[in-house]
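Data first, discussion second: the structure below is written as structure tokens.
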Amino acid sequence: MEFAPVPYDHPDSTKLIVEVQREYVVRYGYEDVTPVDPDDFAPPRGRFFVGYLDGTPVACGGWRCQDGPEPEYTPGDAEIKRMYVAESVRGNGYSRALLEVIEQSARDTGRKRMILETGTEQPEAMSLYESSGYHAIPRFGVYREDPASRCYAKALPQSA
Numbered sequence: 001m002e003f004a005p006v007p008y009d010h011p012d013s014t015k016l017i018v019e020v021q022r023e024y025v026v027r028y029g030y031e032d033v034t035p036v037d038p039d040d041f042a043p044p045r046g047r048f049f050v051g052y053l054d055g056t057p058v059a060c061g062g063w064r065c066q067d068g069p070e071p072e073y074t075p076g077d078a079e080i081k082r083m084y085v086a087e088s089v090r091g092n093g094y095s096r097a098l099l100e101v102i103e104q105s106a107r108d109t110g111r112k113r114m115i116l117e118t119g120t121e122q123p124e125a126m127s128l129y130e131s132s133g134y135h136a137i138p139r140f141g142v143y144r145e146d147p148a149s150r151c152y153a154k155a156l157p158q159s160a
């Protein structure tokens, strides 16, 4: 898998974002309604990646700065959004590889902590994050009151 930084509204990104939204409808009955602006993922305040297998886009995900004003955000936070791997290629470690690319990109810009929101209908996502050093934090954002929401954080130590 090759990961390339692309705009959030690039056609390959858009194709995969439509797929992940369909997945949310299957699992939860509705799309993710978190407000997202493509400019949120433009450097230096964010980054979006597409993973390609033999030139075909099969994975995506990115991060955006979250320095406030929510009380749950702290200066230096980066929030993961739209992380997705196509069903046809799951189980090959691509989500873990994509997560590492996203984390390193955020770390390279000086972000101090990665945060994210997922849900109980995505047990494989929760397992990935927990096994990658993420710990549970209070729910935040538009799903703050949703009992199916799960939020996580991980410190992003800077390299020496």
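Heads up: the sequence shown begins at 1 in full-length UniProt numbering, then just goes up one per residue. Built from N, CA and C at the ideal position, the CB exists for glycine as well. The structure presented is a predicted model; accordingly, all values stated were derived computationally and were not measured.
Measure from the alpha carbon of residue i to the alpha carbon of each residue in the options, then state which is nearest.
i       : options                               : result
Val-36  : Arg-64, Glu-121, Gly-91 and Tyr-30    : Arg-64
His-135 : Glu-121, Leu-128, Tyr-152 and Gly-119 : Tyr-152
Pro-44  : Ile-17, Tyr-28, Leu-99 and Arg-107    : Arg-107
Leu-99  : Gly-29, Glu-79 and Gly-110            : Glu-79
Ala-148 : Glu-121, Ala-155 and Lys-154          : Glu-121
Phe-3   : Thr-56, Gln-66 and Arg-150            : Thr-56
Please classify residue i as buried or exposed, where buried requires at least 16 neighbouring CB atoms within 10 angstroms.
i           : result
residue 167 : A query on residue 167 cannot be resolved here, the shown segment of the chain reaching from 1 to 160 and no further.
Asp-77      : buried
Pro-157     : exposed
Lys-15      : exposed
Tyr-84      : buried
Val-25      : exposed
By Cβ distance below 7 Å, which residues in the same chain neighbour residue i in space, the five residues on each side in sequence not counted?
i      : result
Arg-47 : Pro-5, Phe-41, Gly-62, Trp-63 and Ser-105
Tyr-8  : Pro-38, Phe-41, Phe-48 and Gly-62
State yes or no: is the C-beta of residue i within less than 8 Å of the C-beta of residue j?
i       : j      : result
Gly-133 : Tyr-94 : no
Gly-141 : Thr-74 : no
Cys-60  : Ser-13 : yes
Val-89  : Leu-53 : yes
Ala-97  : Met-1  : yes
Ile-115 : Gln-66 : yes
Once the 5 residues before and after residue i are set aside, which same chain residues still bring their CB inside 6 Å of it?
i       : result
Tyr-129 : Tyr-152
Ala-155 : Arg-113
Suppose the cutoff is 8 Å on Cβ atoms and the five residues either side in sequence are ignored; what does the same chain contact list for residue i look like?
i      : result
Val-28 : Checking the sequence shown, residue 28 turns out to be Tyr, not Val. Excluding residues within five positions, the ones whose Cβ falls inside 8 Å are Gly-119, Glu-121 and Ala-148.
Any alpha helix (DSSP H) of 4 or more consecutive residues that is wholly inside the region 10–69
11–28
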